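Visitor: In the working numbering, the protein residues as written are 447 to 918.
Virtual Cβ for every residue (Gly too), placed ideally from N, Cα, C.
Because the structure is a prediction, the values reported are computed rather than measured.
Please see the structure below; I have some questions.
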Ligand code: NAP
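Have a look at this one:
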């Protein structure tokens, strides 16, 4: 019996099972940290097994170790430098690089097989070419998503003349390339040309598919690309017959697609509509009208008086909370209000911020109790009998136009019904719009007042005012 083989398989199985439990733990903010640690440990086990195996047969352990230390160093440096608000961009980069690696693995395997055996069977070729294409689409698609999220190019939908026709032709060329390649599976020159074609046109297709998607749909695209990178890895796993790659790739692929579906549900859109329904943002008359309206300004003392006279307060956090890092300050203000016997809850919209669970992560960092966090369905019935809502850097997720304005890019997205409460206090820096690029009529309602400035500073001022009132 080959014990070395058995031990290796045992370790690989342990690592793979670790990934499954890691995903399970990641599904709740309470256990997510443990899930991350388990995922890292599982990955370490698998890396050690492969480093040991490779160093046994190629005796190039030094190179492997140098690469391992170098990548660990880059990983550590990135994790230290990246801000919370830049996580979606980081995920986009990870997805893209994952897709590119799978593409390279499949290309090398096709070329190796042909070199060794003179021919590659059609089944293997089909899987490898699918891996190459999905990986390459993921790479350029993620790159475009990164540019949009980083606002290096316009984050709204970009469509050029003949966009759909060119996309259709590109898909056709790719299909024909795969068919042609399969008919010539022993001709190395034709296979080389087909590989070049499939690579080039898949890179191009990635750009064509992601560039028209914009605004509020970007998180869905990131999640979809995450799923693609998993599928590409899974296909690469089949090509090189690597079980761990197949298991981890399918886990990423499946979880990515489930998350995409959940996000689409949260925005009341279908995946097809998000991917192919690039819509043209038309500013209707009612949206134009909003721009001419007046937004009342509150001083911190006005807000403090309102809060002191409230019995029930709901805090709606949004992307601006992440930008200003005011999570500890809103925890402090909610503690002060609770000490004054005011009922305080947090309303969490599933796509508030810039990544799924963004608000949960921030509030968990400030030790806000999970019992105080209410999701969209739970909280929406509560607004009507709420005295004051504090909107901290949120915009699209409380925009009533999503209910009424058909030409609005967020039409149909379920929103937090903050506009139904008795009083609204908004924290924002100026006249900035939400991620979808449209204005928000909630800011101009009679019962709304805005405290302008960075949310953190404004909340600190507000806390001081409440304390001053309480000491009188
Ligand atoms: P939002 O619509 O992007 O609005 C953010 C608001 O915060 C703006 O009104 C901005 O106005 C204000 N703000 C920014 N920095 C601030 C600061 N330092 N202090 C105070 N206010 C500040 O945010 P949201 O309501 O959370 O909605 C999220 C949007 O992002 C949705 O459209 C969603 O679809 C999209 N999205 C979500 C994800 C996800 O997975 N969660 C990922 C990507 C995109 P000022 O500029 O005037 O301050």
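#1: Short of 6 Å in beta carbon distance, which residues of its chain neighbour residue 880, apart from the five on each side in sequence? Order them along the chain.
#2: What number of angstroms, rounded off, separates the C-alpha of residue 698 from the C-alpha of residue 673?
#3: Please determine, among 913, 643, 493 and 554, the residue with the shortest C-alpha to C-alpha distance to residue 783.
#4: Are the beta-carbon atoms belonging to residue 764 and residue 799 less than 8 Å from one another?
#5: Based on Cα-Cα distance, which residue from 635, 666, 587 and 489 lies nearest to residue 657?
#6: Using 10 angstroms around the beta-carbon of residue 806, count the other beta-carbons present and answer buried if the total reaches 16, otherwise exposed.
#7: In chain order, what residues of the same chain lie with their CB nearer than 7 Å to the CB of residue 726, ignoring the 5 residues before and after it?
#8: CB of residue 765 to nearest heavy atom of ligand 1: below 7 Å?
#9: To the nearest angstrom, how far is the alpha carbon of residue 702 from that of residue 574?
#10: Check whether the Cβ of residue 775 sits closer than 7 Å to any heavy atom of ligand 1, and report yes or no.
#11: Can you give the Cα-Cα distance for residue 762 and residue 825, rounded to whole angstroms?
#12: Quick one: what does DSSP say residue 793 is sitting in, helix, strand or coil?
#13: Does DSSP put residue 403 in a helix, in a strand, or in coil?
#14: Would you grab the beta carbon distance between residue 844 and residue 862 for me? Rounded to a whole angstrom, and I think it's under 8 Å.
#15: What are the complete alpha helix (DSSP H) segments, minimum 4 residues, inside the region 654-696?
#16: In this structure, does DSSP put residue 861 in helix, strand or coil?
#17: Could you spell out where the alpha helix (DSSP H) holding residue 629 opens and where it closes?
#18: Tell me where the beta strand (DSSP E) around residue 898 begins and ends.
#19: Can you list, in chain order, the stretches of the alpha helix (DSSP H) that have 4 or more residues and sit fully within the region 753-818?
#20: Buried or exposed: residue 728, going by 16 or more other Cβ atoms within 10 Å of its Cβ?
#21: In chain order, what residues of the same chain have a beta carbon less than 7 Å from the beta carbon of residue 576, not counting five sequence neighbours either side?
#22: Alpha carbon to alpha carbon, how far is residue 828 from residue 610?
#23: I'd like to confirm something about residue 530: is its beta-carbon nearer than 7 Å to some heavy atom of ligand 1, or not?
#24: Check residue 902 in the structure and name its three-state DSSP category.
Guide: On the basis of the data shown:
#1: On the chain shown, position 434 is the one that residue 880 refers to. Counting only Cβ-Cβ distances below 6 Å, and skipping sequence neighbours, we find 841 and 842.
#2: What you label residue 698 is simply residue 252 of the chain shown in a count that begins at 1. What you label residue 673 is simply residue 227 of the chain shown in a count that begins at 1. Distance from the CA atom of residue 698 to the CA atom of residue 673, rounded to whole angstroms, is 6 Å.
#3: Sequence index remark: in the chain shown, residue 783 carries index 337 (1-based). Considering only alpha carbons, the answer is 913.
#4: Residue mapping note: residue 764 aligns to position 318 of the chain shown, counting from 1. Residue mapping note: residue 799 aligns to position 353 of the chain shown, counting from 1. Going by C-beta atoms, residue 764 is nearer than 8 Å to residue 799.
#5: Within the chain shown, residue 657 is the residue found at index 211, counting from 1. Checked all of 635, 666, 587 and 489; the closest Cα to residue 657 is 587.
#6: By 1-based counting over the chain shown, the position of residue 806 is 360. Buried, by the Cβ-count rule.
#7: As a position in the chain shown, residue 726 is number 280, starting the count at 1. In this prediction, residue 726 scores a pLDDT of 45, lower than 50, which makes its location untrustworthy; the coordinate-derived value is nonetheless stated afterwards. Nothing listed; no residue qualifies.
#8: Stepping through the chain shown from its first residue, residue 765 is reached at position 319. Yes - ligand 1 has a heavy atom lying nearer than 7 Å to the Cβ of residue 765.
#9: Looking up residue 702 in the chain shown gives position 256. Looking up residue 574 in the chain shown gives position 128. In a straight line, the C-alpha of residue 702 is about 21 Å away from that of residue 574.
#10: Sequence index remark: in the chain shown, residue 775 carries index 329 (1-based). No, ligand 1 has no heavy atom inside 7 Å of this Cβ.
#11: Looking up residue 762 in the chain shown gives position 316. Looking up residue 825 in the chain shown gives position 379. Taken atom to atom, the span from the alpha-carbon of residue 762 to that of residue 825 is near 10 Å.
#12: Numbered from its first residue, the chain shown carries residue 793 at position 347. In the structure shown, residue 793 falls within a strand segment according to DSSP collapsed to helix, strand and coil.
#13: Beyond the ends of the chain as shown, which are 447 and 918, falls residue 403; an answer cannot be given.
#14: Indexing the chain shown from 1 puts residue 844 at position 398. Indexing the chain shown from 1 puts residue 862 at position 416. With a Cβ gap of about 5 Å, residue 844 and residue 862 count as contacting.
#15: Fully enclosed alpha helix (DSSP H) runs of 4 or longer: 664-685.
#16: Here residue 861 refers to the residue found at position 415 of the chain shown. Residue state, collapsed to three classes: coil.
#17: Within the chain shown, residue 629 is the residue found at index 183, counting from 1. 609-629 is the span of the alpha helix (DSSP H), which, as asked, contains residue 629.
#18: Against the chain shown, residue 898 aligns to sequence position 452. That run of the beta strand (DSSP E) goes 894-898.
#19: Listed in chain order, the complete alpha helix (DSSP H) runs (minimum 4 residues) inside the region 753-818 are 765-770, 773-785 and 804-811.
#20: Numbered from 1 along the chain shown, position 282 holds the residue referred to as residue 728. Low per-residue confidence applies at residue 728: pLDDT is 49, beneath 50, and the placement is therefore not dependable, though the value from the model is reported in the following sentence. Exposed is the call here.
#21: The residue labelled residue 576 in the question sits at position 130 within the chain shown. Closer than 7 Å at Cβ, skipping near neighbours: 681.
#22: By 1-based counting over the chain shown, the position of residue 828 is 382. By 1-based counting over the chain shown, the position of residue 610 is 164. Rounded to whole angstroms, the separation of the alpha carbons of residue 610 and residue 828 is 45 Å.
#23: In the chain shown, residue 530 corresponds to position 84, counting from 1. No.
#24: As a position in the chain shown, residue 902 is number 456, starting the count at 1. Note: residue 902 maps to helix in three-state DSSP.
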